[in-house]
Structure formats: structure tokens, C-alpha cells
Amino acid sequence: MHPDHPHLWIWLPKPQRPLLRTTCPAILNSIRLWDKLATKCDLTSLPSPLSPVLRNKDFLPGYNARAEDGWMGTTIRRLYQLFPGGIFIDQTDPIISGSSANTNPLPYFQLRAFANQRHIKEAALTPLTPFERLCHTGSYPRGLISTLYRSLTTILDWKTLRYVAAWEADLGESLEAEEWADIWESMRSVSVCTTHQEQLIKTIFRWYVTPVQMSRISPGTPDSCWRGCGARGTYIHMWWECPTLKTFWSQTHTLAMAVLSKDIPMDPWAFLLSRPVQDLTRQENKLLAKITLAARRVMAESWNSPRAPSFTRLSSKMQDVCLMDELTAISSHTLPAYYNTWAPWIAQMGEGRIQMDMLQNDIPL
8 MHPDHPHLWI
18 WLPKPQRPLL
28 RTTCPAILNS
38 IRLWDKLATK
48 CDLTSLPSPL
58 SPVLRNKDFL
68 PGYNARAEDG
78 WMGTTIRRLY
88 QLFPGGIFID
98 QTDPIISGSS
108 ANTNPLPYFQ
118 LRAFANQRHI
128 KEAALTPLTP
138 FERLCHTGSY
148 PRGLISTLYR
158 SLTTILDWKT
168 LRYVAAWEAD
178 LGESLEAEEW
188 ADIWESMRSV
198 SVCTTHQEQL
208 IKTIFRWYVT
218 PVQMSRISPG
228 TPDSCWRGCG
238 ARGTYIHMWW
248 ECPTLKTFWS
258 QTHTLAMAVL
268 SKDIPMDPWA
278 FLLSRPVQDL
288 TRQENKLLAK
298 ITLAARRVMA
308 ESWNSPRAPS
318 FTRLSSKMQD
328 VCLMDELTAI
338 SSHTLPAYYN
348 TWAPWIAQMG
358 EGRIQMDMLQ
368 NDIPL
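So, in C-alpha cells, the structure goes:
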């Protein structure tokens, strides 16, 4: 129960933590996110009642007990165990009296001195948060990730996020918190492929460098669109407003309506950020999000190129998404759900056979 292990390490405030003995990027990134969100999202208080007692830096100097000496030979391992019923654990408690502390009271008095420090006592008496209880029990209910996701997004102040303000300014519309949560949920469920998810995150966080940004970084660099239209290369221009993109987005729009057999509004929120379309079912919105994902991946390939994105690449990108979904469905035994989502695309690309060359030439289907 030493605090070197990540499952104990995270419950300590930063100044109290020992040097973490790992260079694993996944663990380090998880801890970075934890430090950013733990108290902000009410996942824990610091110090937490789950903080380890052993080798805690708040222990008064002079105690170097062996593991079998005194209370260290008991089951007392975390702060919340020090005050059962709100009172410091008595020396006659079976947990203590059954250890060597019964014959050597000094370790018990040292433990009491540690526990009676104001901040330690407050932490030990603080009720566990729902997240702390979940971690402490060690049992994980079905749908845990979705439950945590909903919990975090409901307390998030979307209006303080810079990318939210930037998108709303670009598209001239303010969204409610629920709508931003829907966008994130839609984008999260588009694909399990890391490469696909990376594109989604880079788009919504506005990580693609634009001519305007390059001009700010390197004064004297033109801020005009790389595709040669003459307009300023802002983020929304490079993704949506550039005249050279009109044909590409029009063809993508036509393709989506042909696959789903429904009228779909030419909405930048849906095509750039996968906001669900009201008149579509959940499965139809999923498929539309996959089509627009493929379109954005095509655009990213020629991001800083003078040429417009090639619509013929869209089919190839869709096959990548389709194949990844199929492999995932096979491994997780969810093929019925896969076919339920992809049926319109498979039907059109199979027997119906949408002709890409017709779409390229704006020939009605």
C-alpha cells in the first residue's frame, strides 16, 4: 500500500507525491488529465480520504516502523479508516489490539498524532465522493464509461472553452450545453479507430494550422488561402467557405442524401462537427457522421495544397471506416448493430451502386 503505485498516488496532493516510477505515456497522460479535472469536476477532494497512510509525508518525523510493528501490521491503510464512526480508532479496537501495538503503544500514539493534524482529520472525515466510492469498492457496473462521461459533461461550463467560442463565432450560432454534449457524443462514437478519432479531435479543437496563423507566427508570410482564391485563410474559410470547396461539399451532400434517401440540410455544424440532424434517426446520424468524417479526412490530406480535395478519395476513406467498424463488430460480437448502421451504404454501394463519376459531374442520381 505504499504510495508509489498509481492507484494510490493519484489520491495525494502534488507536493505529497513520491516520484512516479514509470514513463508509460498512457499513465502519465491520465495523471495529467486527473490533476486537471479531479477537484474541478468534484471527483475527489485533496487530500482525499483515500490517501494512503503508509509513508505519508505528513507523518511527524521520527517514525520508521517496520511493517510488522504496531499499526503497520493491521489493515489500516487509508485516511478514512482512522476515524470509524467519526472518532479516532481506539487502542482497544480489535484491529489495533490484535497487533503488536498492544504491547508497544508508541506507534499508536504516533499514528494518533498524525491523524489529529487538522487537515488530515478533515480529509479522513470527508465523505467519499461517488467516484471515490466506485474506485474503493473495486466493482465496476455496466455502462461505467458512459455514466462517467455524462457526469463530467453535465458540470462542464462549455462557454469557458475557447474552441467553443471560436466555433460559435465562426458559424454565427450559440449552442446550448446539451447540444455541445451531443456533438461530443456523436464524434466519440463515429469510430473506434485511433486515426479516425485523432482527426475528429483535431478538427473540433482547431489544431489545423491556417494561413492566418502562419502569418502571425512568421510576419511577412501571406495570410491568403492556400488554394488561391484570394480570401483570408481563416479556419472556417479553409474548412467550409472557400469557393474551391463548394463542389466537394456539394458532392458529399448529394452522396449523403442518396445513401440515406432523405433530405439533409447543408449544415456546417453537421458536416464539420457531426451535430446530429433532428429529422434523422440515431443510426442515420451515425452513418452521416461517418460520411462527413471520411470527407474531412480527404480534405486533411490536401490541407496546405493549392489543389482542391478529390471527391474520388471519399469512397476509399469510407471503406477504411467501414472495414474498421466491421472488424470491431466481429471481435465484439455486435455484427447486427454494425449492419443496422451500415445497411444503407452497403445497399447503395452494392446492388444500387452509386456511380462516383456521376456525382463528380453533378449528374442527378
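According to the numbering used here, the residues represented by the sequence shown are 8 to 372, in order.
Yeah, the Cβ is synthetic: ideal placement off N, Cα and C, and Gly gets one too.
No experiment lies behind these values; they were computed from the predicted model shown.
- The beta carbons of residue 299 and residue 278 sit closer together than 7 Å.
- Residue 319 sits exposed, since fewer than 16 C-beta atoms from the chains shown fall within 10 Å of its C-beta.
- With respect to the C-alpha of residue 211, the residue from 220, 193, 221 and 219 having the closest C-alpha is 193.
- Contact check between the region 337 to 355 and the region 289 to 297: three or more CB pairs, one atom from each, fall below 8 Å, which counts as touching.
- If you look at residue 143, you'll find it in the alpha helix (DSSP H) that goes 137 to 144.
- Under the Cβ criterion (8 Å, minimum of three pairs), the region 218 to 230 does not count as touching the region 196 to 206.
- Apart from the 5 residues on each side of it in sequence, residue 315 sits with its Cβ closer than 8 Å to the Cβ of 234, 251, 252, 254, 255 and 309 in its chain, given in chain order.
- Judged by DSSP secondary structure, residue 329 falls within the alpha helix (DSSP H) whose first and last residues are 319 to 339.
- The region 129 to 138 and the region 46 to 59 touch, with three or more beta-carbon pairs separated by less than 8 Å.
- Distance check between residue 311 and each of 175, 181 and 242 places 242 closest, using alpha-carbon atoms only.
- In the same chain as residue 131, and ignoring 5 residues on each side of it, the C-beta atoms closer than 7 Å to its own belong to 56, 86, 87, 89, 90 and 122, in chain order.
- In this structure, DSSP gives residue 231 an extended state, which the three-state scheme calls strand.
- Under the DSSP assignment, residue 280 falls in the alpha helix (DSSP H) whose first and last residues are 275 to 280.
- Per DSSP, reduced to three states, the secondary structure at residue 250 is helical.
- Contact annotation, residue 127 with residue 177: C-beta distance approximately 50 Å; criterion of less than 8 Å not satisfied.
- Under the three-state reduction of DSSP, residue 91 is assigned to helix.
- In this structure, the CA atom of residue 280 is about 7 Å from the CA atom of residue 190.
- Restricting attention to 231, 48, 16 and 259, the CA atom closest to the CA of residue 161 is found in 48.
- Spanning the alpha carbons of residue 336 and residue 329 requires a straight line of approximately 10 Å.
- Under the three-state reduction of DSSP, residue 272 is assigned to coil, being neither helix nor strand.
- A distance below 8 Å between beta-carbons, with the five flanking residues on each side excluded, links residue 155 to the following residues of its chain, in chain order: 138.
- Of the candidates 284, 266 and 275, 266 places its Cα closest to the Cα of residue 325.
- Straight across, the Cα-Cα distance linking residue 232 with residue 169 is about 23 Å.
- Burial state of residue 306 is buried, judged by a 10 Å Cβ sphere holding 16 or more other Cβ atoms.
- A direct Cα-Cα distance of roughly 23 Å separates residue 343 from residue 151.
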